[in-house]
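Note sheet for the following structure.
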Amino acid sequence: MLAFILKRIILLLPVLLLVSIISFTLFYLSPGDPAEILLTGPQGPPDPAAVQEFRERAGFNDPAYVQYLRWLTKAVHGDLGYSYTSGERVSDAVLDSFVPTLKLSLVSLIISLLISIPLGILSAVRKGSVIDGLGMMLALLGVSVPSFWLAYLLIILLALQLDLLPVAGYGQNGDLQHMILPAVTLGASAAAVTSRMMRSSMLEALQQDYITAARARGLPERSVVLRHALRNALLPVITVIGLNFTYLLNGSAVVETVFAWPGIGNLMTDSIYERDYPMILGCMLFLAMLFLALNLMVDICYYYINPRTRHESGD
Numbered sequence: 087m088l089a090f091i092l093k094r095i096i097l098l099l100p101v102l103l104l105v106s107i108i109s110f111t112l113f114y115l116s117p118g119d120p121a122e123i124l125l126t127g128p129q130g131p132p133d134p135a136a137v138q139e140f141r142e143r144a145g146f147n148d149p150a151y152v153q154y155l156r157w158l159t160k161a162v163h164g165d166l167g168y169s170y171t172s173g174e175r176v177s178d179a180v181l182d183s184f185v186p187t188l189k190l191s192l193v194s195l196i197i198s199l200l201i202s203i204p205l206g207i208l209s210a211v212r213k214g215s216v217i218d219g220l221g222m223m224l225a226l227l228g229v230s231v232p233s234f235w236l237a238y239l240l241i242i243l244l245a246l247q248l249d250l251l252p253v254a255g256y257g258q259n260g261d262l263q264h265m266i267l268p269a270v271t272l273g274a275s276a277a278a279v280t281s282r283m284m285r286s287s288m289l290e291a292l293q294q295d296y297i298t299a300a301r302a303r304g305l306p307e308r309s310v311v312l313r314h315a316l317r318n319a320l321l322p323v324i325t326v327i328g329l330n331f332t333y334l335l336n337g338s339a340v341v342e343t344v345f346a347w348p349g350i351g352n353l354m355t356d357s358i359y360e361r362d363y364p365m366i367l368g369c370m371l372f373l374a375m376l377f378l379a380l381n382l383m384v385d386i387c388y389y390y391i392n393p394r395t396r397h398e399s400g401d
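Heads up, my numbering is the position in the sequence shown plus 86, with the first residue counted as 1.
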């Protein structure tokens with residue numbers, strides 16, 4: 087098991103290094119002078135001499151590879167620099183904004199699982215029925231409808247017309263009332279993907295010989311489906327669930343912006359508008375690390391659940 091984890095970690099390190107190089111390159115090639123952005127105030131453009139002095143002091147005049155190595159060395163030690171706009175530590179701002187994103191993603195994942203798993207099982211068991219057709223239609227809509235469109239639709243219907251829920255905001259530490267609309271918006275697309283995979287995997291499991299043998303022994307259909315078929319059908323679905331959770335954590339910027347949710351996606355969006363390059367780099371590096379860590383966790387879960395993975399790794 088330890089060898090399996092170490093092998094995965096070794097494979098992830100070059101990916102993380104490549105992400106850091108690409109992120110820094112985009113920052114370096116982006117238009118605008120960071121020194122001018124920092125020194126520009128209400129009085130107008132800064133003095134060119136002050137800009138040049140600041141560039142020299144901040145190291146902006148150094149070659150690109152020198153700036154990258156200096157930033158990477160600090161990043162390895164947990165120092166991602168300071169925000170150009172607020173002056174706070176980037177690492178503190180990223181971690182503070184990650185808590186609301188994590189809360190929202192967990193609730194969205196729970197909503198998606200409560201919808202997708204039963205719907206996928208019913209669609210597979212009753213293949214070709216009205217339930218199957220309705221489930222596939224809802225799944226297709228969930229995949230096709232843009233998240234921002236669904237977000238505005240829910241705001242108009244549930245917040246403005248019916249006045250059942252608040253339009254936006256975080257509330258008191260992210261209370262459930264403020265979380266429902268963004269969580270449903272994010273959970274809808276995740277549920278669509280998971281339900282289609284659940285249906286496909288369950289249909290494949292129901293055609294296996296051990297299911298035929300279980301039915302031949304006279305086991306109730308409910309027991310055949312839930313105790314025998316579901317166990318094996320969940321194996322590929324676990325990977326999809328892990329990827330969905332990664333998407334919810336990394337891809338919620340649009341939804342967080344629409345609902346004014348103070349998460350890491352909203353932080354990164356604001357940083358892009360303000361050209362706050364240290365904050366952008368910090369968010370990108372953190373999200374890349376999060377994506378790779380979650381994929382590693384999915385691999386570990388799959389390792390324990392699927393015996394074939396252990397055999398292939400030699401354990």
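Each residue gets a CB set at the ideal place from its N, CA and C atoms; glycine is no exception.
Taking the CA atoms as reference points, F110 sits about 28 Å from S191. The straight-line gap separating the alpha-carbon atoms of Q263 and A346 is approximately 14 Å. Nearest C-alpha to L367 among G257, S116, V341: S116. Counting other Cβ atoms within 10 Å of its Cβ, R143 stays below 16 and is therefore classed as exposed. Taking all protein chains shown into account, R282 has 16 or more neighbouring C-beta atoms within 10 Å of its C-beta and is therefore buried. In this structure, A276 is the residue among Y296, A276, L320, A379 with its C-alpha nearest to the C-alpha of L334.
Under DSSP, G127 takes part in a beta bridge, and its partners are G130. Taking 8 Å as the cut-off, the beta carbon of V253 is found no closer than this to the beta carbon of T325. Remark: C-beta atoms of L289 and K213 approach each other more closely than 8 Å. In this structure, G164 keeps its C-beta atom at 8 Å or more from the C-beta atom of Q153.
In this structure L321 touches I391 by the C-beta definition: roughly 6 Å separates them, less than 8 Å. Linking I358 to P134 through their CA atoms gives a straight-line distance of about 25 Å. L382 places its beta carbon less than 8 Å from that of L98. Assignment of Y170 by DSSP, reduced to helix, strand and coil, places it in the coil class.
Shown here, R175 sits in a strand according to DSSP, grouped into three states.
In this structure, DSSP gives V211 a helical state, which the three-state scheme calls helix.
The residue from I350, T332, I196 with its alpha-carbon nearest to that of V340 is I350. Counting only residues of its own chain and dropping the five nearest sequence neighbours on each side, V279 has a CB closer than 7 Å to the CB of V229, V326, N330. In the structure shown, the three-state DSSP call for L155 is helix.
Looking at T343, R175, S209, the one whose alpha-carbon comes closest to that of S287 is S209.
In this chain, the alpha helix (DSSP H) harbouring L103 covers 88-115. Judged by DSSP secondary structure, S286 falls within the alpha helix (DSSP H) whose first and last residues are 262-292. Sixteen is the threshold: since fewer than 16 other Cβ atoms of the shown chains lie within 10 Å of the Cβ of G130, the residue is exposed. Taking a C-beta distance under 8 Å as the contact criterion, P348 and Y170 do not qualify as a contact pair. In this structure, L236 sits near T271, with a CB-CB distance shorter than 8 Å. The beta carbons of E342 and N352 sit about 4 Å from each other, so the pair counts as a contact at 8 Å.
The C-beta separation of L239 from L251 comes to about 13 Å, leaving the pair out of contact by the 8 Å criterion. Of S106, I123, F234, Y151, the smallest CA-CA separation from A161 is found for S106.
One thing to note: E122 has its Cβ within 8 Å of the Cβ of P132. Taking I96 as reference, the option from L378, S202, Y388, R285 with the minimal CA-CA separation is L378. With respect to L376, N336 sits close: the two C-beta atoms are nearer than 8 Å. Taking C-alpha positions only, M265 is separated from N318 by approximately 34 Å.
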